[in-house]
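What follows is a set of notes on a single structure, which appears directly below.
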Amino acid sequence: MTHELAAYGGTKVREWPLDTREYSQARFGEEEKQAVMDVLDSGHLCRVFGKRTTEFEHQVAEYFGVAAAAAVSSGTAAIHCALAALEVGPGDEVITSPITDMGSVIPIIARNAVPIFADVDTNTFNITADSIERVLTAHTKAVIVVHLAGQCCVMQPIIDLARERSIHVIEDCAQSYLSTCDGRTAGTIGDVGCFSLNDFKHITCGDGGFLISDDRDLIRRAALFADKGYPRSGPVRNSLVLGMNYRMTELQAAVAGVQLKKLASIIERRRTLGRTLNRLLSQIGGIIPPAVAKGIEHSYWFYPIIVDSQLVGLDASTFARDVTAEGIPVAFPYLGSPVYLFDSVRRLRICDSEIVYKQGLCPNAEESLRSMMVLPCNEFMTEDDVRDITAALVKVVNYHVEKKQRNP
Ligand SMILES: Cc1ncc(COP(=O)(O)O)c(C=O)c1O
1435 MTHELAAYGG TKVREWPLDT REYSQARFGE EEKQAVMDVL DSGHLCRVFG KRTTEFEHQV
1495 AEYFGVAAAA AVSSGTAAIH CALAALEVGP GDEVITSPIT DMGSVIPIIA RNAVPIFADV
1555 DTNTFNITAD SIERVLTAHT KAVIVVHLAG QCCVMQPIID LARERSIHVI EDCAQSYLST
1615 CDGRTAGTIG DVGCFSLNDF KHITCGDGGF LISDDRDLIR RAALFADKGY PRSGPVRNSL
1675 VLGMNYRMTE LQAAVAGVQL KKLASIIERR RTLGRTLNRL LSQIGGIIPP AVAKGIEHSY
1735 WFYPIIVDSQ LVGLDASTFA RDVTAEGIPV AFPYLGSPVY LFDSVRRLRI CDSEIVYKQG
1795 LCPNAEESLR SMMVLPCNEF MTEDDVRDIT AALVKVVNYH VEKKQRNP
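This is the structure:
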């Protein structure tokens, strides 16, 4: 027996909102407040005069077990600094993913380099060694792998390819804190790992970011780029490289340092919820939970699902609308298009050449974005929330499947 959908006047599966506001408030506690007050009391909000940001960098390096870390003002800044430190420059090609945030792409363009898009695997939505190899040229200087949604790319074949072709590997870990590939943590596998601390991420200080690497000199160069080229040592001011002001403030570092201590427990909770959702949703015909590639541990930054529109008999947008009407907010589409079709990217002028990206460039990415929708998943969700999400999906699927059977 099917129940009338809320979208058509039926009773909602869930009457009260799946929290977002309480979620934001619960992210910060007494420890963050105290850390901010300590910085204010110190009288120094800028890292040049204070010590909190430097302490955060040591904390990050120790946490990830790497030689060094540099704190910066955003994830976008982290990638820009990484490209600068690797001397990616005018006319170089940098391969990245078409399903990502602009923060992975803007830095490439800002270096006057050419973004080249490798297609994604339709199961994981990540780029692969094969898809990277297909777009490699003699001009390729680096690849920015984007670990999407909490899932690390399958890294060893990518590293092997990069070593063979002498290209650098930058890991964009903004969405995938503590995801692992063959036991290695995202960000510690390529030449440099870049992280975002913006408000949407596993941990946050409002806005912020950092880079990690085992190459101390790379981190030194990145830090110089983040501070207008100033080494901040020696009696005479000199700028060693042309850089930006991407400094993290002492206030950001104070909050980020406390948040980092919470990271492991946040990921543990998200993994528990993610695995429960995987188990429950895989029992619903027509819903495809996120596929986790062999050797990968997911960290569930968001929870993408695909709806089999043939089986359910309706398009992804209507499906998302119907589930949302049941009281479970479903985001669709995740992106309106692959990033290469965004207005700011589709036609670029780089080093006197015009670069035009067209529909059809990455068919897997385009197809994935037509059917991928995003379910809520955060560490504050309860087992009841997971039960309601599942119930809403079951209700909507059953309703449409039965309707389809009645009117084939
Ligand atoms: C995959 C990815 N890369 C880079 C960024 C950029 O991070 P930020 O917003 O801190 O500049 C984001 C942020 O949304 C992201 O999701």
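All you need for the working numbering is the position in the sequence shown, starting with 1, plus 1434.
Where is the CB? At the ideal position from N, CA and C, for every residue including glycine.
Leaving out five residues on either side along the sequence, give the residues of the same chain with a beta carbon under 7 Å from the beta carbon of residue i.
{"i": "residue 1666", "result": "1482"}
{"i": "residue 1723", "result": "1711, 1712, 1715, 1716 and 1739"}
{"i": "residue 1639", "result": "1631, 1686, 1689, 1690 and 1693"}
{"i": "residue 1541", "result": "1510, 1513, 1514 and 1517"}
{"i": "residue 1751", "result": "1766"}
{"i": "residue 1801", "result": "1556"}
{"i": "residue 1757", "result": "1764, 1826, 1827 and 1830"}
{"i": "residue 1755", "result": "1441"}
{"i": "residue 1500", "result": "1622, 1646, 1647 and 1648"}
By the DSSP assignment, the beta strand (DSSP E) with residue i in it spans what residues?
{"i": "residue 1515", "result": "Taken as a continuous stretch (DSSP letters only), residue 1515 belongs to no beta strand (DSSP E), being part of the alpha helix (DSSP H) at 1509-1519."}
{"i": "residue 1606", "result": "1602-1606"}
{"i": "residue 1575", "result": "1574-1580"}
{"i": "residue 1714", "result": "Run containing residue 1714: none in the beta strand (DSSP E); it sits in the alpha helix (DSSP H), 1684-1715."}
{"i": "residue 1629", "result": "1626-1630"}
{"i": "residue 1551", "result": "1548-1551"}
{"i": "residue 1504", "result": "1502-1506"}
{"i": "residue 1536", "result": "That residue, residue 1536, is in no beta strand (DSSP E); it is neither H nor E in DSSP."}
{"i": "residue 1647", "result": "1643-1647"}
{"i": "residue 1738", "result": "1737-1741"}
Going by the C-beta, is residue i closer than 7 Å to any heavy atom of ligand 1?
{"i": "residue 1508", "result": "yes"}
{"i": "residue 1538", "result": "yes"}
{"i": "residue 1770", "result": "no"}
{"i": "residue 1802", "result": "no"}
{"i": "residue 1765", "result": "no"}
{"i": "residue 1693", "result": "no"}
{"i": "residue 1644", "result": "no"}
{"i": "residue 1391", "result": "Within the shown structure, residues of the chain are numbered from 1435 to 1842, placing residue 1391 beyond reach of any answer."}
{"i": "residue 1580", "result": "yes"}
{"i": "residue 1672", "result": "no"}
{"i": "residue 1609", "result": "yes"}
{"i": "residue 1632", "result": "yes"}
{"i": "residue 1564", "result": "no"}
{"i": "residue 1648", "result": "no"}
{"i": "residue 1641", "result": "yes"}
{"i": "residue 1625", "result": "no"}
{"i": "residue 1616", "result": "no"}
{"i": "residue 1606", "result": "yes"}
Smallest Cα separation from residue i: which of the options?
{"i": "residue 1783", "options": "1684, 1817, 1548 and 1451", "result": "1548"}
{"i": "residue 1746", "options": "1816, 1840 and 1570", "result": "1840"}
{"i": "residue 1777", "options": "1600, 1792 and 1834", "result": "1792"}
{"i": "residue 1654", "options": "1636, 1670, 1677 and 1641", "result": "1677"}
{"i": "residue 1834", "options": "1544, 1470 and 1720", "result": "1720"}
{"i": "residue 1573", "options": "1524, 1620 and 1491", "result": "1524"}
{"i": "residue 1602", "options": "1624, 1581, 1697 and 1787", "result": "1624"}
{"i": "residue 1763", "options": "1826, 1599 and 1836", "result": "1826"}
{"i": "residue 1460", "options": "1636, 1561, 1505 and 1705", "result": "1636"}
{"i": "residue 1659", "options": "1499, 1708, 1565 and 1521", "result": "1521"}
{"i": "residue 1697", "options": "1532, 1493, 1487 and 1650", "result": "1493"}
{"i": "residue 1587", "options": "1779, 1832, 1727 and 1810", "result": "1727"}
{"i": "residue 1616", "options": "1645, 1585, 1598 and 1599", "result": "1585"}
{"i": "residue 1785", "options": "1544, 1663 and 1498", "result": "1544"}
Using C-beta distances below 6 Å, list every residue in its chain close to residue i, excluding the 5 sequence neighbours before and after it, in chain order.
{"i": "residue 1583", "result": "1609, 1735, 1736 and 1738"}
{"i": "residue 1816", "result": "none"}
{"i": "residue 1519", "result": "1652, 1655 and 1656"}
{"i": "residue 1771", "result": "none"}
{"i": "residue 1798", "result": "1553, 1554 and 1556"}
Please go through the same chain and pick out, in chain order, the residues whose beta-carbon is closer than 8 Å to the beta-carbon of residue i, but skip the five residues on each side of it.
{"i": "residue 1446", "result": "1440, 1759, 1760 and 1761"}
{"i": "residue 1804", "result": "1750 and 1767"}
Compute every distance between the C-beta of residue i and the non-hydrogen atoms of ligand 2, then say whether any falls below 7 Å.
{"i": "residue 1545", "result": "Here the bound small molecules are ligand 1; ligand 2 is not part of this structure."}
Where do the ends of the alpha helix (DSSP H) carrying residue i lie?
{"i": "residue 1498", "result": "1486-1498"}
{"i": "residue 1803", "result": "1797-1805"}
{"i": "residue 1834", "result": "1817-1840"}
{"i": "residue 1467", "result": "1464-1476"}
{"i": "residue 1565", "result": "1563-1569"}
Item to check | Minimum length 4: unbroken alpha helix (DSSP H) runs contained in the region 1746-1794 | outcome: Runs of the alpha helix (DSSP H) inside the region 1746-1794: 1750-1759.
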